[in-house]
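What follows is a single structure, written as structure tokens, with notes after it.
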Amino acid sequence: MKPAPFEYYAPTSVSEVLELLNEHGYDAKILAGGQSLIPMMNFRLVQPAVLVDINKIPNLSYIKTHENGIRLGAMVRHTQAERDSLIKERVPLLHETMPQIATIQIRNRGTIGGSLAHADASAELVAVTTALEARFKIQNLEGERWVPASEFFVGLLMTSLEPEDMLVEIEIPDLPARSGWSLKEVARRPHDFALIGVAAVLTLDKKDRCQSAKLVYLSAGDGPLVAEEAAVLLQGQKISEDLIIAAAEKAATEEIDPGNDIHATADFRRHLANVLTRRALAEAYQRAKGGK
Amino acid sequence: MTYKVIGKRVKRVEDPRLLTGQALFVGDVSLPGMLYAAFFRSDYAHAKVISIDISQALEIPGVVGVYTAEDMGDDWEPGPPLVSPPPTLENVVFNSRRQVPLVKGKVKHAGEIIAVVIAESRYIAEDAAEEILVEFEPLPAVVDLEKCLEPGSVLVHDDLDTNLAAHLIQNKGDYEGARKEADLVISRRFHLDRGAAAALENRGIVADWDEKNQHLTVWDATQSPIPIRNGLAARLGLRTHQVRVVAPFVGGGFGPKIMMFYAEEMVLPWISMKLGKPIKWIEDRRENFYATTQEREQIHDVEMALSKEGHILGIKQKFIHDTGAFNPYGLTTPLNTQSHSMGGYDVQNYYSDLTVVFTNKTIVTPVRGAGRPQGIYIVERMLDIAARELELDPMEVRRLNFIPPDAFPYDHEIIDQAFATLIFDSGNYEPAFDKALEMLGYEDFIKNEQPRLRAEGKYVGIGIVPFVETTGVGPYEGARVSVEPSGKISAATGVGTQGQSHMTAFAQVIAEQLGVEVSDVSMVTGDTAEFHWGTGTFASRGAVVAGNAVNAAAGDVRLKVLKLASKILETPEEELVLEDGMVRVADKPDQSISLGELALLANPLRGAVEPGTEPGLESTKYFGPAFGATAFGVHGMILEVDPETMMINIRKYITVEDCGTMINPLVVEGQIHGGVSMGIGNAYYEKLHYDENAQLLNASLADYLIPGSTEMPHIEVHHANTPAPNNELGTKGVGEAGAIPVPAVFAQALENALHDYDLEILETPLSPNRLYELLQKKEDNS
Ligand SMILES: Cc1cc2nc3c(=O)[nH]c(=O)nc-3n(C[C@H](O)[C@H](O)[C@H](O)COP(=O)(O)OP(=O)(O)OC[C@H]3O[C@@H](n4cnc5c(N)ncnc54)[C@H](O)[C@@H]3O)c2cc1C
Chain A
60 MKPAPFEYYA PTSVSEVLEL LNEHGYDAKI LAGGQSLIPM MNFRLVQPAV LVDINKIPNL
120 SYIKTHENGI RLGAMVRHTQ AERDSLIKER VPLLHETMPQ IATIQIRNRG TIGGSLAHAD
180 ASAELVAVTT ALEARFKIQN LEGERWVPAS EFFVGLLMTS LEPEDMLVEI EIPDLPARSG
240 WSLKEVARRP HDFALIGVAA VLTLDKKDRC QSAKLVYLSA GDGPLVAEEA AVLLQGQKIS
300 EDLIIAAAEK AATEEIDPGN DIHATADFRR HLANVLTRRA LAEAYQRAKG GK
Chain B
3 MTYKVIGKRV KRVEDPRLLT GQALFVGDVS LPGMLYAAFF RSDYAHAKVI SIDISQALEI
63 PGVVGVYTAE DMGDDWEPGP PLVSPPPTLE NVVFNSRRQV PLVKGKVKHA GEIIAVVIAE
123 SRYIAEDAAE EILVEFEPLP AVVDLEKCLE PGSVLVHDDL DTNLAAHLIQ NKGDYEGARK
183 EADLVISRRF HLDRGAAAAL ENRGIVADWD EKNQHLTVWD ATQSPIPIRN GLAARLGLRT
243 HQVRVVAPFV GGGFGPKIMM FYAEEMVLPW ISMKLGKPIK WIEDRRENFY ATTQEREQIH
303 DVEMALSKEG HILGIKQKFI HDTGAFNPYG LTTPLNTQSH SMGGYDVQNY YSDLTVVFTN
363 KTIVTPVRGA GRPQGIYIVE RMLDIAAREL ELDPMEVRRL NFIPPDAFPY DHEIIDQAFA
423 TLIFDSGNYE PAFDKALEML GYEDFIKNEQ PRLRAEGKYV GIGIVPFVET TGVGPYEGAR
483 VSVEPSGKIS AATGVGTQGQ SHMTAFAQVI AEQLGVEVSD VSMVTGDTAE FHWGTGTFAS
543 RGAVVAGNAV NAAAGDVRLK VLKLASKILE TPEEELVLED GMVRVADKPD QSISLGELAL
603 LANPLRGAVE PGTEPGLEST KYFGPAFGAT AFGVHGMILE VDPETMMINI RKYITVEDCG
663 TMINPLVVEG QIHGGVSMGI GNAYYEKLHY DENAQLLNAS LADYLIPGST EMPHIEVHHA
723 NTPAPNNELG TKGVGEAGAI PVPAVFAQAL ENALHDYDLE ILETPLSPNR LYELLQKKED
783 NS
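For the record, the sequence lines run as chains A and B.
The numbering of the first sequence is the numbering used here, which starts it at 60 and goes up by one.
The numbering of the second sequence is the numbering used here, which starts it at 3 and goes up by one.
As structure tokens, this is what we get:
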């Protein structure tokens, strides 16, 4: 379990990174926290010829407010986000998500940017940033562009990042008033990738009707899986137990597309999705009503 | 017997070194000019090797050599049998097929070694291994325990006309007769699956042949350094004094490290002798999943006959045990299942038909528990089912059937893993069982707590299971204890240490005998240069067999000390006391002499030594029990399950352990904690998933789920004490105990928690996914 040979660079600026990526293209890989990349290299599942370590670049791990939301540098470690008071206050869903990712040791090294760029369909951050309609700032030698989450994740471990691109910043907008949120997942052990999970965000109008709803599943397809029809069921309606049951049923049986593996059959995953959606919607609704 | 040091909660003397990273593991051994090995292993579980091309691997800079079976010539031979074949029973079939150093002709399980690369670094060795080209002809794999016995099945060993590795029937009394008398006969089929031992430290070897000295040193993460030394000398044409095997600190054994010779253990010393260079290999986790032995896969058809009061009249079982591709360890594991399928109960009629099969899976040898968890699972599940059918309190049924205290020694009239008659030396089961019920608040839970929780919509259940563990089997272990001129004590034994606290526990035994501080004793384990004779650390035997050898040697040194001191102090031996490293005349503290001074006097530089005496204050003694010491215990848990998500939460876990005299309760508790965590793994988390090609689908710790600290409940341990009558210390083993009853406790508690569902659990491990399937089936049927 030793990696194949590679060249190693540790640049100290984003522009140097972009130069290296431009020069080496598909042969190069960015090394952030290494928590996904290094195991894959040790198993020789990936054999990049060039490794561009971005840990030495200063000023990539900020968390700051920006207009109606917050912005995070790509190198914010999971633990840093977990403990950050601004995130706790402004993006409580993200705050609640962080401890559910892996173990504390992995969170100490793993980065938000790395998790998003890796785009594992089981990663909490992939589902949660989709549910929160985050935007990602991408740079290359030619310039920068902003890509919404809905266009960033394009398939199995795939994003709209090109080999010469670097993800540098993540923007998460504030939720409107009267919004509620919840992340529910089932994992064999707390730190395992979830068998299935769902991030729910609900916003209520003045008459307590559902103004907008978002249900995004993890481990339920090739990427973050958005249950659009279930959301339509909820939209404009007064939230009731029956409605929640109907929406959960719709999402779990018709919309998600979970696979079979040694840990769970697709059937069990659908069952769990149904249970978790009910719980998540109920919690999100309570929070929306409470104005929290 | 009142002790001063034995039985005290002495902190482990090895811990400071371990916790500060100062202890030597095989991975820490680094020698000048050392080379590194990597293996080309077969991905196929069953395939013919058509050709091997190593030419490109040899081209890589830094590669020193690449070896295949052909290169070994006449030195190529399978590993030795580790236990003798079953002797005494009639109509026994036993086909011995042992693992090979490098594959010749046909691969029989995934992970078998086809070629070895030796290079200047492990990185280069792995790069080169990727360049080896092997042409395989894949064959269908033998996977299923029953189908493999059907006529026309593909064969694992072509020179056998069957996949049958062994068949043996044990019989006691007259089961069929008892069945006729029975008020209730229940029969069930059980599936028990495979798990890994998953020690934190994988295996590792450094082999160093010193050409000038004509001497081989091997550092080996093994549980049995002395047999490895003996075997290596024999295989390599050396004398035993030319081979030193050191098992330094080993990060967990759990059984598989008693297996010998692993292919790597046969090959690397051989190559070191060819090259005259030290060679290092540390097994990685992926290799460990394919190449290190595993256990527990069995299918049982069981019948139990009972009276309406709940007396067990007889048990009959027919079971199949999967031994994997080879069976170097003979019948040890399934014999343990046979001898534990009656639990601690007085069963007069027992019929047990054992079939062992070869499959294209990794080799099976004992893993902590070693067949016992399966036996306990069977009998305890059957009792739960019987109690339900008879509408009796399941705890009462157990009480009714316990072997009574006056029936010991209790002869089971069948043979055990050592091929000796299975005799339980001693026990007092009912008080320990009652204590467990009390600790868990059984009655209150059933009467008040559970109904209250049910009303709140919570599914919480209770499980309590008693179990026995045969421990401390022979043949023997030895120890040497000597007093140094400094007054400190040096001691050595042949067994190796993989976390059992030998350096503390054995030191306590010596400190007790010689009146010194535990910290004054320096204990060496697992180094063949320090002790020549022995077998190893396995079968929960360290404290019993090695412990009593240490006690005997220390006791003998004590006699020598007293004899010499009596002469010098001119006082009868009976009036002398050993304390604080001194021999004192009782009541006259000023008349004394230190152990150090006595040691010097016992080894004079000049002058005549009396004929017939030996120099020094030293003794070597051996202990070999006629039969083992049988420990007893009870485990209980209160378990909550979410019947929607199938997720569990163990709210409370208690154990009562009777391992006879405890040398150190802290050590006993540590063994139980570790064992319980393994048992929880076996019950709920850990399963090796083999597919229809005998491919392991979860060969990594990301997918093979080991319970960690986040999954472990708090464990309350209570100690009962029925000293073993047949050894001086009165010790019984406890190393495996913790793991044995857990799957049975878990199944009982889960059924109890889900009692609305009328569920019967007949398999282990039971994942949430599987629990969901079982509940779905129930729903579909109703
Ligand atoms: C045992 C274990 C359990 C885990 N459990 C979970 C879990 O439950 N939930 C979960 O979400 N995750 C889990 N993870 C993954 C963990 O969260 C990783 O930290 C994360 O997925 C990757 O972050 P990283 O910084 O380590 O990225 P790296 O491993 O360094 O990189 C991952 C990929 O992203 C690319 N990359 C990294 N940064 C950038 C960038 N700025 N721009 C462009 N490309 C970039 C790399 O080239 C690489 O391809 C687990 C990991 C392990 C080892």
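The beta carbon of each residue, even a glycine, is placed where N, CA and C say it ideally should be.
Going along chain B in order, which residues have a C-beta closer than 7 Å to the C-beta of ILE321 of chain A? On the first sequence, position 262 is the one that residue 321 of chain A refers to. Result: HIS691, LEU699, ASN700 and ASP705.
Which whole-angstrom value describes the C-beta separation of GLN697 of chain B and ALA47 of chain B, a residue pair presumed to lie in contact below a C-beta threshold of 8 Å? For the purposes of this step, residue 697 of chain B is taken as residue 695 along the second sequence, with counting starting at 1. For the purposes of this step, residue 47 of chain B is taken as residue 45 along the second sequence, with counting starting at 1. With a Cβ gap of about 6 Å, GLN697 of chain B and ALA47 of chain B count as contacting.
Go ahead and label ILE380 of chain B buried or exposed: buried means 16 or more other beta carbons lie within 10 angstroms of its beta carbon, across all protein chains shown. Along the second sequence, one-based indexing puts residue 380 of chain B at 378. Buried, because 16 or more other Cβ atoms sit within 10 Å of the Cβ of ILE380 of chain B.
Chain B partners of PRO317 of chain A, CB-CB under 8 Å? Within the first sequence, numbered from 1, the residue matching residue 317 of chain A stands at position 258. Result: empty, since nearest Cβ-Cβ is about 12 Å, beyond 8 Å.
Does VAL105 of chain A come out as helix, strand or coil in the three-state DSSP assignment? Locating residue 105 of chain A in the first sequence gives position 46, counting from the first residue. Three-state result, VAL105 of chain A: coil.
Between LYS88 of chain A and ligand 1, is the CB less than 7 Å from at least one heavy atom? Taking the first residue of the first sequence as 1, we reach residue 88 of chain A at position 29. Result yes, Cβ under 7 Å from ligand 1.
Buried or exposed, going by whether 16 or more other CB atoms sit within 10 Å of the CB of ASP17 of chain B? Counting from one through the second sequence, the residue named residue 17 of chain B turns up at place 15. Flag for ASP17 of chain B reads exposed.
Using a Cβ-Cβ cutoff of less than 6 Å, which residues in the same chain neighbour GLY598 of chain B once the five nearest sequence positions on both sides are dropped? Locating residue 598 of chain B in the second sequence gives position 596, where the first residue counts as 1. Cβ neighbours of GLY598 of chain B beyond the five flanking positions: PRO487, SER488 and GLY489.
LYS351 of chain A to TYR431 of chain B, Cα distance in whole Å? In the first sequence, residue 351 of chain A corresponds to position 292, counting from 1. In the second sequence, residue 431 of chain B corresponds to position 429, counting from 1. With a pLDDT of 45 at LYS351 of chain A, under the threshold of 50, the modelled position of that residue is not reliable, and the figure given next carries that caveat. Taking the straight line joining both Cα atoms gives about 58 Å.
Can you find a CB in chain A that lies within less than 8 Å of the CB of GLU781 of chain B? Here the question's residue 781 of chain B lines up with position 779 in the second sequence. Chain A, which has no Cβ nearer than 8 Å to the Cβ of GLU781 of chain B, makes this no.
Is any non-hydrogen atom of ligand 1 found closer than 7 Å to the C-beta of THR170 of chain A, if you look at the structure I gave you? For the purposes of this step, residue 170 of chain A is taken as the residue at position 111 of the first sequence. Yes, ligand 1 has a heavy atom inside 7 Å of this Cβ.
Got a sec: does ligand 1 put a non-hydrogen atom nearer than 7 Å to the Cβ of PHE252 of chain A? In the first sequence, counting from the first residue as 1, residue 252 of chain A sits at position 193. Under cutoff, so the answer is yes.
DSSP beta-bridge partners for LYS182 of chain B? Taking the second sequence and counting its residues from 1, one reaches residue 182 of chain B at position 180. LYS182 of chain B pairs with nothing; no bridge assigned.
Residues of chain B with CB under 7 Å from ARG130 of chain A, in chain order? Translated into positions along the first sequence, residue 130 of chain A becomes position 71. Within 7 Å Cβ-Cβ: nothing; ARG130 of chain A doesn't reach chain B, min ~32 Å.
Report the three-state DSSP secondary structure of PHE625 of chain B (helix, strand or coil). For this step, residue 625 of chain B is matched to residue 623 along the second sequence. PHE625 of chain B falls in the strand class under three-state DSSP.
Nearer than 7 Å: is that true of the beta carbon of ASP30 of chain B relative to any heavy atom of ligand 1? Working through the second sequence from its first residue, we reach residue 30 of chain B at position 28. Checking the Cβ of ASP30 of chain B against ligand 1 gives no.
Given ALA279 of chain A as reference, the closest of A:ALA176, A:GLY214, A:PRO70 and A:HIS83 once Cα atoms are compared: The sequence position of residue 279 of chain A within the first sequence is 220, counting from 1. Ranking A:ALA176, A:GLY214, A:PRO70 and A:HIS83 by Cα distance to ALA279 of chain A puts A:GLY214 first.
Going along the chain, which unbroken runs of the beta strand (DSSP E) with 3 or more residues stay wholly within the segment 185-241 of chain B? 186-194, 206-212 and 217-222
Could you check whether the Cβ of MET225 of chain A sits closer than 7 Å to any heavy atom belonging to ligand 1? Here residue 225 of chain A is taken as the residue at index 166 of the first sequence, counted from 1. True, at least one ligand heavy atom lies under 7 Å from that Cβ.
Any Cβ of chain B within less than 8 Å of the Cβ of GLN94 of chain A? Working through the first sequence from its first residue, we reach residue 94 of chain A at position 35. No, its Cβ sits nowhere closer than 8 Å to a Cβ of chain B.
When B:GLY75, B:VAL136 and B:ILE115 are compared against SER57 of chain B, the one with the closest alpha-carbon: Within the second sequence, residue 57 of chain B is the residue found at index 55, counting from 1. Of the candidates B:GLY75, B:VAL136 and B:ILE115, the one whose C-alpha sits nearest the C-alpha of SER57 of chain B is B:VAL136.
Close Cβ partners of ALA311 of chain A (< 7 Å) along its chain, the five nearest in sequence each way excluded: Sequence index remark: in the first sequence, residue 311 of chain A carries index 252 (1-based). Hits under 7 Å: ARG329, ALA332, ASN333 and THR336.
DSSP has GLN300 of chain B in a bridge; who is on the other side? In the second sequence, counting from the first residue as 1, residue 300 of chain B sits at position 298. DSSP, once it has assigned bridges, lists B:LEU194 and B:HIS323 as partnering GLN300 of chain B.
Assuming LYS282 of chain B is part of the beta strand (DSSP E), what are its boundary residues? In the second sequence, residue 282 of chain B corresponds to position 280, counting from 1. Run containing LYS282 of chain B: 281-284, per the beta strand (DSSP E) assignment.
Is it right to say TYR352 of chain B is buried, meaning 16 or more other beta carbons lie within 10 angstroms of its own, or is it exposed? In the second sequence, residue 352 of chain B corresponds to position 350, counting from 1. Classification for TYR352 of chain B: buried.
For ASP179 of chain A, verify whether its CB is less than 7 Å away from any heavy atom of ligand 3. In the structure shown, ligand 3 is absent; the only ligands present are ligand 1.
Hey, would you say the C-beta of GLN94 of chain A is under 7 Å away from at least one heavy atom of ligand 1? The residue given as residue 94 of chain A occupies position 35 in the first sequence. Answer for GLN94 of chain A: yes, Cβ within range of ligand 1.
THR218 of chain A CB to nearest chain B CB: under 8 Å? Counted from its first residue, the first sequence places residue 218 of chain A at position 159. So, not an interface residue.
Which ranges does the alpha helix (DSSP H) cover as unbroken runs of at least 4 residues, wholly within the segment 44-109 of chain B, from first to last along the chain? 57-61 and 71-74
Would you say the beta carbon of GLY173 of chain A comes nearer than 7 Å to a heavy atom of ligand 1? Here residue 173 of chain A corresponds to residue number 114 of the first sequence, with the count starting at 1. Checking the Cβ of GLY173 of chain A against ligand 1 gives yes.
Neighbouring residues, chain A, relative to GLY710 of chain B (Cβ below 9 Å): As a first step, residue 710 of chain B must be located in the second sequence, where it is residue number 708. Near GLY710 of chain B (Cβ distances below 9 Å), the residues of chain A are THR162, ARG248 and HIS250.
Who does PHE138 of chain B pair with in a DSSP beta bridge? Numbered from its first residue, the second sequence carries residue 138 of chain B at position 136. Beta-bridge pairing links PHE138 of chain B to B:VAL51.
Could you tell me whether the segment 699-706 of chain B touches the segment 584-603 of chain B, using the rule of 3 or more Cβ pairs below 8 Å? no
Where ASN771 of chain B meets chain A, residues with beta-carbon distance less than 7 Å: Along the second sequence, one-based indexing puts residue 771 of chain B at 769. What ASN771 of chain B touches in chain A: HIS322, ALA323, THR324 and PHE327.
Do you know whose CA, among B:ALA130, B:LEU756, B:VAL95 and B:VAL358, lies nearest LYS780 of chain B's CA? For the purposes of this step, residue 780 of chain B is taken as residue 778 along the second sequence, with counting starting at 1. Selected option, being the one with the closest Cα: B:LEU756.
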